[in-house]
Each structure stands twice: as C-alpha cells, then as structure tokens.
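J.: If you number the sequence shown the way the numbering used here does, the last residue is 915 and the count never jumps.
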Amino acid sequence: MIHLLKRIKCFGSSVVIPFLRMLFYNTICKCWINWLGCKDSRILKYRLSLCLIFKNEAPFLKEWLDFHFMLGVEHFYMYNNNSTDNFREIIQPYIEKGIITLIEWPYEQSQFMAYKDCYDRFRFETNWLSFLDADEFICLKYQNNIVDWLSRFEKYPAVNIHWLMFGTGGIVKHDYFSNVIEQYYASWDCLNKHGKCIINTRYDIANFHTWYVHHHTYMYYKICGIRMVIPAVNQFGYICTIDKIWGGGKDKLKSSTIQINHYFTKAWSIYSAKMKKTDVLFENNPKADYEYFYRYEDKCITRNFTIQRFFIKLKIEQKLIK
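#1: Measuring alpha carbon to alpha carbon, tell me which residue in 737, 772 and 894 is nearest residue 913.
#2: Note down the Cα distance separating residue 641 from residue 885, rounded to an integer number of angstroms.
#3: Do you know offhand how far residue 916's Cα is from residue 863's?
#4: Between residue 763 and residue 725, what straight-line distance do the alpha-carbon atoms span, to the nearest angstrom?
#5: Can you say whether residue 850 is buried or exposed, counting buried as having 16 or more other CB atoms within 10 angstroms of its CB?
#6: Residue 751 by DSSP, collapsed to three states: which one?
#7: Do the stretch 854-870 and the stretch 818-835 touch if we need at least three Cβ pairs shorter than 8 Å?
#8: By a C-beta neighbour count over all protein chains shown, 10 Å radius and 16 as the cutoff for buried, is residue 667 buried or exposed?
#9: Helix, strand or coil for residue 795, going by three-state DSSP, please let me know.
#10: Is residue 794 close to chain C? Criterion is C-beta to C-beta, closer than 8 Å.
#11: Do the stretch 636-651 and the stretch 671-687 make contact, defined as three or more Cβ pairs closer than 8 Å?
#12: Spell out the partners DSSP gives residue 719 in its beta bridges.
#13: Could you spell out where the beta strand (DSSP E) holding residue 668 opens and where it closes?
#14: Looking at C-beta atoms only, is the number of pairs between the stretch 683-697 and the stretch 623-639 that lie closer than 8 Å three or more?
#15: Measure the beta-carbon distance from residue 719 to residue 639 and round it to whole angstroms, keeping in mind my assumption that it falls under 8 Å.
#16: If I measure Cβ to Cβ from residue 805 and keep anything under 8 Å in the same chain, skipping five residues before and after, which residues do I get?
#17: Three-state secondary structure (DSSP) at residue 756?
#18: Apply the 10 Å Cβ neighbour rule to residue 820 and answer buried if 16 or more other Cβ atoms are within range, or exposed otherwise.
#19: Report the three-state DSSP secondary structure of residue 821 (helix, strand or coil).
#20: Tell me which residues share the same chain as residue 796 and place their Cβ nearer than 8 Å to its Cβ, disregarding the 5 neighbours each side in the sequence.
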C-alpha cells in the first residue's frame, strides 16, 4: 500500500502537476496576453541585440557577427572572458562603426553573471535581447529578417527557439578559410528540447538563479494584478516549461519556421581541443568525456541544408563576392 501511494505521488508530481501547469499557461495566461497584453510601443536605440560572452573565439567571430547583422540584429554586447587570441583585431572595425559594445569580463566561470550584468545595464537600449553563443546561428526558414519574424510575439515576454544540433559529419580538420555554416550539414533529425530565448526587455527575468536561464528564460508577468512567473512562448504559440515542446505536430522540425543551428562540435580537431580546456561556465569541463561527445554525435543521422539559402547573401555581406 505504501509503495502504491509513493507511485501515485511520484506520478502526480512528475506528470499531473506539470500538465496542469502547462494547461494554466496555455489557457489563462495565453488568453490574457493575447487579449489584454500590449504590443511594444517603445522606440529604443536598437530593435534587437545579442549578448555574447567569449573566450578565444577569434576565428569564428566575424562570421557570427556578419551573419546575425545580415539577419537584422542591430547591436552586439560582447563580454571578453580573458581571451589571449587576436579577437580585438577582428572586432575593432565593428566597434568603430558602433555595432559592438565591448565589456572586459575577467571573472572565471561567470557566464550567468555576465548575462545579468548585460540585462541590467543595457535592457533599456534594445527592445529584444538574446544570450547567444558563438557556435549558435539563428536560422529562419522562410523570412529574411528576425525582427519581422518576432513581430507576432510582441505581446509576449520571451520567445523560445529550439536548437538543431550539428555534428562533425566525419570532418577531422576544420577549414579556417571557409565559413562554419558551409562546412557542417550532419544534424539530428529533430529539434532539441533545449535552445535559446529572445527576451522582450519590458519584462524582468525571473530565473537568473537557474542553470537554464539562457536555455529557457522564465519571466515575471502580471495577470489580474498578480505578479507571476511564466516561461517563454515557443514558435508554435505554446507557453512551455523547460524540456517541453508543445505544438508543431509529430514532425516539429518540418513544421518549424525557425531553428538555432548549434554547431556543437565542428570538426574533431576543434572539439578534441575543447576537451582539454575550461570554458566560460564550467571549471570541470563536461566535454572532457567521449561519452558526452557520442551522446550528441550519434544522433546526427541526417543532413540539414536550411541555412544554405543565406550563403551568397553572407558572402556579399563579408565582401567576399560582389
């Protein structure tokens, strides 16, 4: 009898309560936002900005900047975490044009502190803000401008975009003379349950204390005068908790209009070097384990070419072709 009661309690806490919570978000909260929520009428310095904390990422910064600028990102808040490479040489032209705000951030394993600093200091300069990494590329399927895509979510405090994971594709050595997005096609055949959020800076972030604040941002929002915490809405229009994807049918990747291409490994030469280093978040590197690598690499069973439609446009942006 005691064992049965424990199973019922476990089922309630792991299945019933999360379902009821999701039901509440997608009935009461969603109706309130859609019917009584206001669109963002603020005219700020930037419509959309990205925050990046980086450490020795110089070879990949120019492509990442050019790609997202081409997509409609207007400004970049870049936190340098003790880099020893030639990053300044790469980003100086963007600083001179006013596209980058550079912040020296010498604190070890302080990624979330950097994000909080960015949000506290710069949220009133930009309507939307996202915390992105240098191996993540926002990829629109049909539209060409991310701000246009965001327009239907202006009433919501945050929008969650899921990762599509990319592996090595069997490539041993990375070609530093070619763009990352042109070299790697091997991918998962489904969206990852994690991703990143684009945040409406009218609202306060509620979960800076959690490990998933950058994966799935929870926001404070007032409903009936009561300040409550709600998760981000996804591209299918559902407000979902961490690790949940509602909407999009059985083949969510096919139904999606946007994804974040996460070039998690790049070539083996790059990933194997990362196995021996610390990074901006972890002192004990989880990548220093072959099982961790295979957990992602083994799921790369197909190829995804969605981002290919931006190749020529990016090369023109980079002034590689006319």
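No residue lacks a Cβ here, since even glycine has one placed at the ideal position from N, Cα and C.
T.: Looking at the coordinates:
#1: 772
#2: 34 Å
#3: The shown model of the chain, from 594 to 915, leaves out residue 916, and the question about it has no answer.
#4: 26 Å
#5: exposed
#6: strand
#7: no
#8: buried
#9: coil
#10: Chain labels in this structure do not include chain C; a single protein chain is all it has.
#11: yes
#12: 639
#13: 668-673
#14: no
#15: 4 Å
#16: 787 and 835
#17: strand
#18: exposed
#19: strand
#20: 750, 751, 812, 813 and 814
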